[in-house]
Structure formats: C-alpha cells, structure tokens
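Notes to accompany the following structure.
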Amino acid sequence: MLRAIELANAAAASGEVPVGAVVYRGETVLGEAANIREASADPTGHAEVIALRSAAARAGGWRLVDCSMAVTLEPCPMCAGALVNARVARLVYGARDPKAGAVDTLFDLCRDARLNHRVEVFGGVMASACGRLLSDFFRGRRKARRSATQ
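Under our numbering, the first residue of the sequence shown carries the number 2, and numbering increases by one thereafter.
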C-alpha cells in the first residue's frame with residue numbers, strides 16, 4: 002500500500018485524482034500505475050486498469066490468478082469488474098468510495114456469487130492516509146476554483 006500511496010501522490014502532483022494501484026505476486030511487482038484520465042483523455046485511465054494491463058503484459062497472459070492488487074481507493078464498477086475478469090486473487094484497498102465504490106460501499110462485485118470468479122477483499126488498509134490524499138486534493142481544487150472566481 003505504501004507504493005500505491007506514492008503513486009497516488011504523483012498523480013495528485015500532476016493534477017490527476019490521487020489514486021495509485023500496484024499488482025504483485027508474492028514480493029514481485031508486476032504492474033503499477035496512477036490515474037491518468039486527464040492526461041490521456043481516456044475514461045478508462047484508472048490506476049487499477051492500467052496496472053492490470055501492465056501486470057498481464059509482464060505475466061504473459063490476462064489471467065492473474067495468483068496475484069494481488071493494492072489500491073488507495075475502493076474500485077469503481079469498471080475496475081472491480083476488471084479485477085474479476087483478470088481472476089485476481091486478492092484486493093487490498095484503502096479508503097472507501099461513497100460515490101462509486103463497487104467492492105463494499107455501493108456494490109459487492111468482487112464477491113458476487115453469480116460471477117465466475119470471486120476476489121478476496123481486504124478493505125480499509127491505511128484508510129486514513131488514503132482518504133486524506135483525496136480530501137486534500139479535492140479541498141485544494143475547490144479552493145483554486147473559488148480563487149479563480151473572485
């Protein structure tokens with residue numbers, strides 16, 4: 002999670018929503034990323050999706066059955082679906098997402114018995130630090146908007 006937080010900080014510094022994700026197998030990092038939606042003008046530019054793509058390329062296939070992901074924010078429906086489709090074994094996330102969380106908050110996609118794969122979930126890991134990143138980022142953004150209109 003510490004590396005995911007570093008990536009989230011880098012995203013914030015470049016004007017992206019501060020989310021970082023790391024895919025790993027044991028002690029080996031297979032893929033890592035930060036959000037790049039703004040820079041890439043890509044609606045799928047979420048940290049989780051990019052990290053999964055990188056991990057699959059490095060692993061030599063899309064099935065990441067023995068892998069884990071650490072991410073600073075509870076995944077959205079797109080990202081939770083990607084975790085299930087990639088057959089990721091474990092998800093460790095930091096802050097809950099009350100607006101788009103699809104793992105615990107609004108939906109439970111990763112553990113839905115109707116799907117062909119389930120992901121073991123560990124939520125709330127370093128939640129305060131992860132949540133603070135997001136709060137600080139959006140507070141700064143609101144302050145900049147207010148300053149611009151005055």
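No residue lacks a Cβ here, since even glycine has one placed at the ideal position from N, Cα and C.
Output the boundary residues of the alpha helix (DSSP H) element that contains residue i.
i, result
"Met70", "Not the alpha helix (DSSP H): Met70 falls in the beta strand (DSSP E), residues Ser69 to Leu74."
"Arg140", "Ala128 to Thr150"
"Ala60", "Ala48 to Ala60"
"Leu84", "Pro78 to Asn86"
Please report the residue range of the beta strand (DSSP E) in which residue i lies.
i, result
"Arg91", "Arg91 to Ala96"
"Glu7", "From DSSP, Glu7 is part of no beta strand (DSSP E) but of the alpha helix (DSSP H) over Leu3 to Ala14."
"Val122", "Glu121 to Phe123"
Quick one: using the 10 Å Cβ neighbour count with 16 as the cut-off for buried, is residue i buried or exposed?
i, result
"Asp67", "exposed"
"Phe138", "buried"
"Gly102", "buried"
"Asn36", "buried"
"Ala13", "buried"
"Glu33", "buried"
So the candidates are the options; which of them puts its Cα closest to the Cα of residue i?
i, options, result
"Leu110", "Val20, Cys77, Gln151 and Lys100", "Cys77"
"Val72", "Arg97, Asn86, Gly61 and Ala58", "Arg97"
"Ala42", "Thr150, Arg115, Glu121 and Glu17", "Glu17"
"Ala81", "Asp105, Ala60 and Gly62", "Asp105"
"Arg115", "Ala22, Val85 and Ala128", "Val85"
"Ala87", "Pro44, Leu3 and Ser55", "Ser55"
Using DSSP bridges, identify the partner residues of residue i.
i, result
"Ala22", "Ala34 and Val72"
"Thr29", "Arg26"
Closer than 6 Å by C-beta to residue i: which residues in its own chain qualify, once you throw out the five before and the five after it? Chain order, please.
i, result
"Leu134", "Ala9 and Pro19"
Starting from the C-beta of residue i, find all residues in its chain whose C-beta is less than 8 Å away, skip the five residues before and the five after it, and write them out in chain order.
i, result
"Ser69", "Val24, Tyr25, Arg26, Val89, Ala90, Arg91, Leu92 and Val93"
Within a Cβ cutoff of 7 Å, which residues of the same chain sit near residue i, ignoring the five residues on either side of it in sequence?
i, result
"Ser83", "Correcting the residue type first, residue 83 is Ala in the shown sequence and not Ser. Closer than 7 Å at the Cβ level, and outside the excluded window around Ala83, lie Glu49, Val50 and Leu53."
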